[in-house]
Amino acid sequence: MINLRFLHVWRRNLLVWRKLAIPSMLGNLADPMLYMLGLGYGLGGLLPQMQGGSYVAFLAGGVVCSSTMFTASFEAMYSAFSRMHVQRTWDAIINAPLSLDDVVLGEWVWAASKSLLSGCAVLLVATALGVVGSPLALWIIPVILLAGLVFAGLGLIITALSPSYDFFMYYFTLAITPMMLLSGVFFPLAQLPVWAQAAAQVLPLTHAVALSRPLMNGLTPDHVGLHLLVLALYAGVSYGVARHLLRKRIIK
Amino acid sequence: MTLLSVAGLRKSYEGREVVAGMDFSLRPGECFGLLGPNGAGKTTTLRLVLGLTQPDSGSITLLDHDVATHAREARARVGVVPQLDNLDPDFTVRENLMVYGRYFGLSRAEVERRIPELLDYAELTARADARIQTLSGGMKRRLTLARALINDPDLLFLDEPTTGLDPQARHLIWERLRQLMLRGKTLLLTTHFMDEAERLCHRLAIMDHGRIISIGTPRELIAANIEPEVVEVYGDGAEDWAAATGQQLAERCEKHGETVFCYTHDAHAMVASLANQSEHGDVRYLHRRANLEDVFLKLTGRELRD
Numbered sequence: 022m023i024n025l026r027f028l029h030v031w032r033r034n035l036l037v038w039r040k041l042a043i044p045s046m047l048g049n050l051a052d053p054m055l056y057m058l059g060l061g062y063g064l065g066g067l068l069p070q071m072q073g074g075s076y077v078a079f080l081a082g083g084v085v086c087s088s089t090m091f092t093a094s095f096e097a098m099y100s101a102f103s104r105m106h107v108q109r110t111w112d113a114i115i116n117a118p119l120s121l122d123d124v125v126l127g128e129w130v131w132a133a134s135k136s137l138l139s140g141c142a143v144l145l146v147a148t149a150l151g152v153v154g155s156p157l158a159l160w161i162i163p164v165i166l167l168a169g170l171v172f173a174g175l176g177l178i179i180t181a182l183s184p185s186y187d188f189f190m191y192y193f194t195l196a197i198t199p200m201m202l203l204s205g206v207f208f209p210l211a212q213l214p215v216w217a218q219a220a221a222q223v224l225p226l227t228h229a230v231a232l233s234r235p236l237m238n239g240l241t242p243d244h245v246g247l248h249l250l251v252l253a254l255y256a257g258v259s260y261g262v263a264r265h266l267l268r269k270r271i272i273k
Numbered sequence: 147m148t149l150l151s152v153a154g155l156r157k158s159y160e161g162r163e164v165v166a167g168m169d170f171s172l173r174p175g176e177c178f179g180l181l182g183p184n185g186a187g188k189t190t191t192l193r194l195v196l197g198l199t200q201p202d203s204g205s206i207t208l209l210d211h212d213v214a215t216h217a218r219e220a221r222a223r224v225g226v227v228p229q230l231d232n233l234d235p236d237f238t239v240r241e242n243l244m245v246y247g248r249y250f251g252l253s254r255a256e257v258e259r260r261i262p263e264l265l266d267y268a269e270l271t272a273r274a275d276a277r278i279q280t281l282s283g284g285m286k287r288r289l290t291l292a293r294a295l296i297n298d299p300d301l302l303f304l305d306e307p308t309t310g311l312d313p314q315a316r317h318l319i320w321e322r323l324r325q326l327m328l329r330g331k332t333l334l335l336t337t338h339f340m341d342e343a344e345r346l347c348h349r350l351a352i353m354d355h356g357r358i359i360s361i362g363t364p365r366e367l368i369a370a371n372i373e374p375e376v377v378e379v380y381g382d383g384a385e386d387w388a389a390a391t392g393q394q395l396a397e398r399c400e401k402h403g404e405t406v407f408c409y410t411h412d413a414h415a416m417v418a419s420l421a422n423q424s425e426h427g428d429v430r431y432l433h434r435r436a437n438l439e440d441v442f443l444k445l446t447g448r449e450l451r452d
């Protein structure tokens, strides 16, 4: 039976976001803009053509996913942890006729929604810079929604395990940063040693980038089904694990 | 309708039994108090009753719903004032009520209709658009209480509703709670304040170590557990006086800290002796009626609980 109670939690977060919507959107736009200007033109000017296009065009296809990853992770960790542990917002909500599962689902979908916005902002910036190949790029939107669910789920797992904000640094250092550097966001995976290329296949960001880059450049990606399957598995399993751990932490 | 009925309730954490066999039920329109020292199991009992944690055994019926399977439905007709303030700091006073009302599935229009009355009840009409961080402790409590009423509940749970408040703020909360009783609401509150329990509660259960050790009206508890009069004796000569005279005149003497508590049915002789003694000795005394605190301390002991 599908119930939509989680939307109450999602809407609560949306109402808070709305109060700071303008600075938040500006941040969403400024961040990728800086990447594309600084790295794309600055560094890209020194580089030859990448896969038949400019480096900015190449980079846009990766940054659209890394931005999504960062936004979803921050929201599912720092923000969700504040609501769970510091403000005790979740405690208040589960005194009402909502269950913890409703709360976790609401937070998961919310973090993904917010990251969808930041991914779309990159898409907008890329369009403005004229590096979007064709309307095929619109297919990036479902890809980043799925990627957002992946990183929101993983972030909620860390939140469930975390005694304090400091704990999140481990995850950033040990998971997010390596993922950022080894998933083909800044350079083609083929540049890496073979063993590292194989290892990169385990990372969800690799699969998101494998879909978004060709779409950004007006091409149809290869192995669409495989990449979607990996992302969907990551999303579903991480959400399930996060829910289990949060139940253990809060319901006892 | 069964408001709340609890039978054989048990719950352990890591081998320690926090709730060790509780049985009680609420009567319509009463204020029922769970009174106990820190760690007696009061808050865990509330969590169990709301279905926020699973009991090891026992059954709970809340507003005709079996909490084991239908806690969420039952909570739709319950209001909760938690021990720690968990108002939403991202919203104003009015928004807090609005957002909370929506959790109950109420329409925006319906919540908007209820808000003015609740603001008035909480005496926060003038602060409706204030941020939570700018409210005093008493205002926050009142808002939490108003928030608990947003769904017009039949039953209200209050976990130590006046802990941490100054005397003025406490009196205002008590007055608001009495208003609710006049409107026919049933209240379940936990407290470790005797004056609060004595003032508000029709019936009380004194809890310790996860069990109810005595249950009844405040008067019944006093009558059943303790002699009606108390003489507290203190000062340097208190112990000598107690050994020489107090032991014979009182039915029971207990020394705690530097004070000797003498319990009796008739304190005349003791008071006469002390009045005489205190004129040229260093003994001071206080003669009073036994109260709930005496019962509480007798039943739960006087050792410090953290």
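Protein sequence lines, in the order shown, are assigned to chains B and W.
FYI, in our numbering the residues of the first sequence are 22 to 273.
FYI, in our numbering the residues of the second sequence are 147 to 452.
Beta carbons: idealized from backbone N, C-alpha and C, even for Gly.
Note that the structure is a prediction, hence the values are computed from the model and not measured.
Within a 10 Å sphere around the beta-carbon of aspartate 112 of chain B sit 16 or more other beta-carbons, which makes this residue buried. For serine 88 of chain B, the three-state secondary structure derived from DSSP is helix. One finds nothing in chain B with a Cβ atom closer than 8 Å to the Cβ of glutamate 160 of chain W; even the nearest lies about 10 Å away. Among the residues of chain W, those whose CB is under 9 Å from the CB of glutamine 108 of chain B are Asn232, Leu233, Asp234, Pro235, Asp236, following chain order. Against chain W, the beta carbon of aspartate 52 of chain B has no neighbour under 7 Å; the closest one sits roughly 23 Å away.
Under DSSP, phenylalanine 303 of chain W shares a beta bridge with W/Val226, W/Leu334. The C-beta separation of glycine 362 of chain W from glycine 175 of chain W comes to about 18 Å, leaving the pair out of contact by the 8 Å criterion.
Distance from the Cα of tyrosine 76 of chain B is smallest, within the candidate group B/Tyr255, B/Val206, B/Val215, B/His244, for B/Val206.
Contact check between the region 82 to 97 of chain B and the region 122 to 140 of chain B: three or more CB pairs, one atom from each, fall below 8 Å, which counts as touching. Counting only the Cα atoms, valine 377 of chain W lies some 11 Å from alanine 384 of chain W.
Within chain W, no C-beta atom comes nearer than 8 Å to that of valine 153 of chain B; the closest sits roughly 36 Å away.
Within the DSSP bridge table, the entry for glycine 73 of chain B names no partner. Nearest C-alpha to leucine 119 of chain B among B/Ala97, B/Ala42, B/Trp31: B/Trp31. Within the region 235 to 262 of chain W, the residues whose Cβ lies closer than 8 Å to any Cβ of chain B are, in chain order, Pro235, Asp236, Phe237, Glu241, Val245, Tyr246, Arg248, Tyr249, Phe250, Gly251. Selection W/Tyr267, W/Thr309, W/Arg324 evaluated against isoleucine 296 of chain W yields W/Tyr267 as nearest (Cα-Cα). The beta carbons of leucine 301 of chain W and isoleucine 272 of chain B sit no closer together than 8 Å. Among the CB atoms of chain W, none fall inside 8 Å of the CB of valine 223 of chain B. When DSSP states are grouped into helix, strand and coil, methionine 147 of chain W belongs to the coil group.
In this structure, serine 204 of chain B keeps its C-beta atom at 8 Å or more from the C-beta atom of alanine 181 of chain B.
DSSP places threonine 391 of chain W in the helix class (H, G or I) of the three-state scheme. With a threshold of 16 other beta carbon atoms within 10 Å, glycine 169 of chain B meets it and is buried.
Between the alpha carbons of tyrosine 380 of chain W and alanine 415 of chain W lies a gap of roughly 17 Å. In the structure shown, leucine 155 of chain W adopts extended strand secondary structure according to DSSP, grouped into three states.
Under the DSSP definition of a beta bridge, leucine 432 of chain W partners with W/Glu378. For cysteine 141 of chain B, no beta strand (DSSP E) encloses it; the enclosing alpha helix (DSSP H) starts and ends at 121 to 149. For the pair arginine 240 of chain W and isoleucine 261 of chain W, the CB atoms are nearer than the 8 Å cut-off. Interface annotation for the region 119 to 147 of chain B against chain W: Leu119, Ser120, criterion Cβ-Cβ distance under 8 Å.
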